[in-house]
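Trainee: Dropping the structure in here first, questions after.
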Amino acid sequence: MCRLVATDRHVKVWPPPMLEAFRHIVHAGRNSLAGLSHLLATELAARIEIAASVLAFVWLIVLGRGAGDFVTLLVIFCVLMSVEALNTAIERIVDRESPEISEFARVTKDLGSTAVFFLLTAAGIFLLAVTADSAGLISL
């Protein structure tokens with residue numbers, strides 16, 4: 006929290022707004038890394054998706070694909086990890102609020118899984134398309 010500090014001639018804001026913004030960014034970064042750590046420690050699916058993504062990047066290297074394809078795959082991977090994290094958060098909330106087996110819990114968790122499924126499908130379609138392009142079967 007910023008506070009005003011009086012000096013002989015003027016009033017200063019301390020700490021300076023930029024320093025406060027930097028502290029906020031560092032704190033947010035720590036929270037994000039803690040979330041990533043939890044995701045990797047508790048979710049086998051996330052670890053499998055990371056391993057599959059590494060293989061996908063290696064596959065792009067083998068195919069000799071350009072930078073645009075690597076950027077596209079990286080964006081897909083980042084969105085996938087984001088949705089996986091949100092799906093994990095949904096599951097934790099549902100487990101806390103509805104610990105008993107219920108239709109609400111089942112449907113809610115299934116919807117989160119569906120979001121992950123569609124991103125995995127998008128990644129698969131992308132990899133199939135660049136593979137077909139590299140083989141001369143289609144032109145992207």
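In the numbering used here, the protein residues as written are 6 to 145. Ideal Cβ placement from N, Cα and C applies to all residues, glycine included. Nothing here was measured: the structure is a model prediction, and the numbers come from that model.
1. For A120 and A61, what's the separation of their Cα atoms in angstroms?
2. Tell me whether A61 sits in a helix, a strand or coil according to DSSP, three-state version.
3. First and last residue of the alpha helix (DSSP H) that includes S118?
4. Which whole-angstrom value describes the C-beta separation of T77 and F123, a residue pair presumed to lie in contact below a C-beta threshold of 8 Å?
5. What does the alpha-carbon distance come out to for the pair A94 and A128?
6. Could you check where the alpha helix (DSSP H) with R35 kicks off and where it finishes?
7. Of the residues H29, I143, T136, which one's Cα is nearest the Cα of R70?
8. Taking the alpha helix (DSSP H) that L91 falls in, what are its first and last residues?
9. When we look at the beta-carbon of F82 and count the other beta-carbons within 10 Å, is it buried (16 or more) or exposed?
10. Can you grab the Cα-Cα spacing for the pair T126 / L133, in whole Å?
11. Label G117 either buried or exposed according to how many other C-beta atoms from any shown protein chain fall within 10 Å of its C-beta, with 16 as the threshold for buried.
Mentor: Taking the definition as stated:
1. Here residue 120 corresponds to residue number 115 of the sequence shown, with the count starting at 1. Here residue 61 corresponds to residue number 56 of the sequence shown, with the count starting at 1. Approximately 20 Å, taken between the alpha carbons.
2. As a working mapping, residue 61 is identified with position 56 in the sequence shown. A61: helix per DSSP, three-state reduction.
3. Locating residue 118 in the sequence shown gives position 113, counting from the first residue. Here the alpha helix (DSSP H) through S118 covers 108 to 139.
4. Indexing the sequence shown from 1 puts residue 77 at position 72. Indexing the sequence shown from 1 puts residue 123 at position 118. 16 Å between Cβ atoms; not a contact.
5. The residue labelled residue 94 in the question sits at position 89 within the sequence shown. The residue labelled residue 128 in the question sits at position 123 within the sequence shown. Spanning the two alpha carbons is a distance of roughly 22 Å.
6. Counted from its first residue, the sequence shown places residue 35 at position 30. Unbroken alpha helix (DSSP H) run through R35: 22 to 47.
7. Here residue 70 refers to the residue found at position 65 when the sequence shown is read from its first residue. Closest by alpha carbon: T136.
8. Here residue 91 refers to the residue found at position 86 of the sequence shown. Counting along the chain, the alpha helix (DSSP H) containing L91 begins and ends at 72 to 102.
9. Taking the first residue of the sequence shown as 1, we reach residue 82 at position 77. The residue is buried, with at least 16 neighbouring Cβ atoms inside 10 Å.
10. Mapped onto the sequence shown, residue 126 falls at position 121. Mapped onto the sequence shown, residue 133 falls at position 128. The alpha-carbon atoms of T126 and L133 are separated by roughly 10 Å.
11. Looking up residue 117 in the sequence shown gives position 112. Label assigned to G117: buried.
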